[in-house]
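Q: Be aware that the sequence shown starts at 1, since it is given in the UniProt record's numbering, and climbs by one per residue.
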Amino acid sequence: MATIKVQEGYMPFRGFKTYYRIVGEPSATKAPLLLIHGGPGSSHNYFELLDDYAATGRQLIMYDQVGCGKSSLPEDPGVYVKETWAEELVALRKYLHLDHIHMLGQSWGGMLEMFYLTNYDQTGIKSVMIDGSPASIKLWIQEQHRLIKYLSYEDRQAISEAERTGDFTGPKYLAANDRYMERYCWDDPDENSPEPLRRPTNGKRASLIAEGPNEFTENGTISDFDVTDQLKNIHVPVLVTNGTDDLCTPLIAKSVYDHIPNAKWHLFANSRHLALLDQHDEFIQVMDQWLSEHD
1 MATIKVQEGY MPFRGFKTYY RIVGEPSATK APLLLIHGGP GSSHNYFELL
51 DDYAATGRQL IMYDQVGCGK SSLPEDPGVY VKETWAEELV ALRKYLHLDH
101 IHMLGQSWGG MLEMFYLTNY DQTGIKSVMI DGSPASIKLW IQEQHRLIKY
151 LSYEDRQAIS EAERTGDFTG PKYLAANDRY MERYCWDDPD ENSPEPLRRP
201 TNGKRASLIA EGPNEFTENG TISDFDVTDQ LKNIHVPVLV TNGTDDLCTP
251 LIAKSVYDHI PNAKWHLFAN SRHLALLDQH DEFIQVMDQW LSEHD
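This is the structure in structure tokens:
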């Protein structure tokens with residue numbers, strides 16, 4: 001099998017640099033797929049699980065948002081707002097001449113897509129996948145507290161006590177949060193995890209400033225995020241996806257799907273927050289069919 005070409009580089013952005021990684025060759029018939037990672041504070045790493053897909057002839061473009069991965073890690077907390085990352089996305093499209101693209105955003109990446117599509121120009125976007133993302137942080141927090149109710153009594157108590165005191169450093173809370181994340185997000189990486197998932201994301205600062213200490217406290221710069229009422233202005237084809245055991249519950253996914261004209265929705269029956277990991281083959285199949293329909 002021929003090796004797939006991988007090209008890496010950096011885009012200058014506001015005195016910082018944004019790392020990008022391009023897999024495969026440009027195609028005359030298949031528009032490239034731009035992959036937007038979650039967090040805020042994750043990185044492109046898990047999208048490397050899609051590298052083989054470039055063998056179908058579709059070029060993949062992934063990048064680390066500023067404050068994450070191999071990109072600059074600014075200390076100024078003022079950088080870590082949704083507008084920075086949206087303008088970085090605008091800049092990247094210009095810099096890499098991504099005039100006609102598909103976009104797939106996972107978790108926060110899908111939120112960034114929604115913010116981008118409702119506040120910036122939708123020209124040249126052939127289709128969008130919104131993978132496990134809320135349009136409203138308020139609804140997200142409400143649903144996380146519902147998911148916590150399925151944990152053991154001890155874990156519920158530990159989380160409740162941490163929320164009451166604002167101390168998210170205690171061993172009981174940390175263990176409870178780990179179990180909650182394993183149940184609804186993904187497992188802590190170990191030697192059996194795919195190699196990209198074992199790499200550091202370098203996004204702790206971005207995550208704490210933008211999101212907060214965990215998935216259910218959300219007191220950072222994006223805590224007031226709500227684009228629900230603007231979703232009606234999205235006029236590109238949209239596929240909403242999530243898993244049955246996902247931090248992004250079916251209710252959250254449905255509230256996105258319901259507000260976007262002519263959107264489609266795929267629910268992965270055995271997935272947590274990353275169907276790409278939990279149901280890899282089905283995820284690729286759903287994605288491939290969607291992209292092929294909208295080239």
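Even for Gly, the Cβ is constructed at its ideal location relative to N, Cα and C.
Have a look at GLU87 and LYS232 and give me their C-alpha separation to the nearest angstrom.
A: One-based indexing of the sequence shown puts residue 87 at position 87. One-based indexing of the sequence shown puts residue 232 at position 232. If you take the alpha carbons of GLU87 and LYS232, they lie about 22 Å apart.
Q: Within 10 Å of its beta-carbon, does PRO261 have 16 or more other beta-carbons around it, so buried, or fewer, so exposed?
A: Numbered from 1 along the sequence shown, position 261 holds the residue referred to as residue 261. So PRO261 ends up on the exposed side.
Q: Would you call the CB atoms of PRO32 and ARG58 closer than 8 Å?
A: For the purposes of this step, residue 32 is identified with residue 32 of the sequence shown, where counting begins at 1. For the purposes of this step, residue 58 is identified with residue 58 of the sequence shown, where counting begins at 1. Contact: yes.
Q: So if DSSP puts GLU8 in a beta bridge, which residue, or which two residues, is it bridged to?
A: Taking the sequence shown and counting its residues from 1, one reaches residue 8 at position 8. For GLU8, which the question treats as bridged, DSSP gives the partners ARG21.
Q: I need the straight-line Cα distance from LEU34 to ASN45, nearest angstrom please.
A: For the purposes of this step, residue 34 is identified with residue 34 of the sequence shown, where counting begins at 1. For the purposes of this step, residue 45 is identified with residue 45 of the sequence shown, where counting begins at 1. Near 14 Å, if we compare the C-alpha coordinates of ASN45 and LEU34.
Q: In its own chain, which residues sit with a C-beta less than 7 Å from the C-beta of PHE13, not counting the 5 before and 5 after it?
A: On the sequence shown, residue 13 is found 13 positions in, with the first residue counted as 1. Answer for PHE13: VAL66, GLU88 and ALA91, listed in chain order.
Q: Determine the extent of the alpha helix (DSSP H) in which VAL90 is found, giving its start and end residues.
A: Position 90 of the sequence shown holds residue 90. Start and end: 82-95.
Q: Just grab the DSSP bridge partners of TRP265 for me.
A: If you number the sequence shown from 1, residue 265 lands on position 265. DSSP output for TRP265 lists VAL240 as bridge partner(s).
Q: I need the straight-line Cα distance from GLY212 to GLY220, nearest angstrom please.
A: Numbered from its first residue, the sequence shown carries residue 212 at position 212. Numbered from its first residue, the sequence shown carries residue 220 at position 220. Straight-line Cα distance between these residues: approximately 5 Å.
Q: In its own chain, which residues sit with a C-beta less than 6 Å from the C-beta of GLU161, not counting the 5 before and 5 after it?
A: Translated into the one-based positions of the sequence shown, residue 161 becomes position 161. Closer than 6 Å at Cβ, skipping near neighbours: no residue.
Q: Could you tell me the alpha carbon to alpha carbon distance between GLU163 and GLN144, rounded to whole angstroms?
A: Along the sequence shown, read from residue 1 onward, the residue named residue 163 stands at position 163. Along the sequence shown, read from residue 1 onward, the residue named residue 144 stands at position 144. So the two alpha carbons sit approximately 13 Å from each other.
Q: Helix, strand or coil for GLN122 per DSSP?
A: If you number the sequence shown from 1, residue 122 lands on position 122. Here GLN122 sits in coil by DSSP.
Q: Per DSSP, what are the beta-bridge partners of ASP281 in this structure?
A: Taking the first residue of the sequence shown as 1, we reach residue 281 at position 281. Its beta-bridge partners do not exist; DSSP assigns none.
Q: Which value, in whole angstroms, describes the spacing of the CA atoms of LYS70 and ASN202?
A: For the purposes of this step, residue 70 is taken as residue 70 along the sequence shown, with counting starting at 1. For the purposes of this step, residue 202 is taken as residue 202 along the sequence shown, with counting starting at 1. Between LYS70 and ASN202, the C-alpha separation is close to 8 Å.
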